[in-house]
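Report on the following structure.
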Amino acid sequence: VTLSITTMKLALASTLVTAAAAFAPQQAPHTRTALNAAEVDEGIWDPLQLSIIGKNIDTFPNMFPDQQFVQEAEIKHGRMSMLAWTGVWATHVGGLGMGMHIPGFPECTDWTKALGVFAAEQPAWFAGILMMISIAEGESVGHSGDNFRGKGSKTPGDYGFDYLGLKAKLSEEEFERYKKVEMTQGRAAMIAMASLFAFESIPGSVPLMDIFGAY
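Residue numbering for the sequence shown follows our numbering, starting at 35 and increasing by one per position.
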């Protein structure tokens, strides 16, 4: 009888353990996803991890641009902003502007309307400028490969336009330094152009320009 009771207890305990194991949480296998596989380069302040966007998120493939595209866009818009700021400063009449003017071209004291006046009075020049912009844009995006997906064949920002051979005269350290200088100045110019648009559209939005008497 004692043996029979012991056997029944063991059978009951075994049944309970088996039933409990069926409801126990399963240990998920450890996998390394793209979310933790990509890391921000050391020394870069990037709390939102924008410098590795597209590599740290794999939910929607090809949704976010590769760094080739992002770097090309930043360098290009930085250069455009540096040219734009210089153009506004050099041709603006009054305030801190230099008031320069090319003989034979239309003159407009309001830089926000100058492009429209120039296009209306000099359509051939305006069309030529648009053509040059289109060629540069096409070369930087389509001609050298799909840099949106990281398949571009050229270094971002390098158009191969160096007829004076300035790059060959620089050491590798100097070249890297000038690249950083251009990037920094380009970012400053983009902020400057944004401040100009804000200054013209929202009175008092840029107090520093009011202090210096810019108008």
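By construction, the Cβ of each residue, glycine as well, lies at the ideal position given by its N, Cα and C atoms. Quick caveat, the model's predicted, so the values are computed rather than measured.
Using the Cα positions of ILE109 and LEU84, report the straight-line distance between them to the nearest angstrom. 16 Å
Anticipated Cβ contact below 8 Å, ALA124 with MET132, distance rounded: 5 Å
What is the DSSP secondary structure of LYS188, reduced to helix, strand or coil? If DSSP states are grouped into helix, strand and coil, LYS188 belongs with coil.
How many Å lie between ASN70 and ILE86 at the Cα? Its pLDDT being 41, under 50, ASN70 is placed unreliably by the model, and nothing is read from it.
Proximity to ILE167 [Cα-Cα], best of HIS111, GLN105, SER235 and SER229: HIS111
Count the other C-beta atoms from every protein chain shown that fall within 10 angstroms of the C-beta of ALA158, then say buried if there are 16 or more, exposed otherwise. With a 10 Å radius around the Cβ and a threshold of 16 neighbouring Cβ atoms, ALA158 comes out exposed.
Quick one: Cα of GLU234 to Cα of VAL151, how far? 18 Å
Expressed to the nearest angstrom, what Euclidean distance is found between the alpha-carbon atoms of GLY179 and MET243? Their backbone Cα atoms lie some 43 Å apart in a straight line.
CA-CA distance, MET97 and LYS185? 15 Å
Pick out whichever of ALA161, THR146 and GLU216 has its Cα sitting closest to the Cα of LEU230. THR146
Answer with buried or exposed for THR238, where buried requires no fewer than 16 other C-beta atoms within 10 angstroms of its C-beta. One point to set straight first is that residue 238 is Gly, not Thr, in the sequence displayed. When all chains shown are included, GLY238 counts as exposed.
If we call anything under 8 Å between Cβ atoms a contact, is ASP80 one with PHE182? No, they are not a contact pair.
Compare the C-alpha of TRP119 against each of MET224, GLY199 and VAL240 and name the closest. MET224
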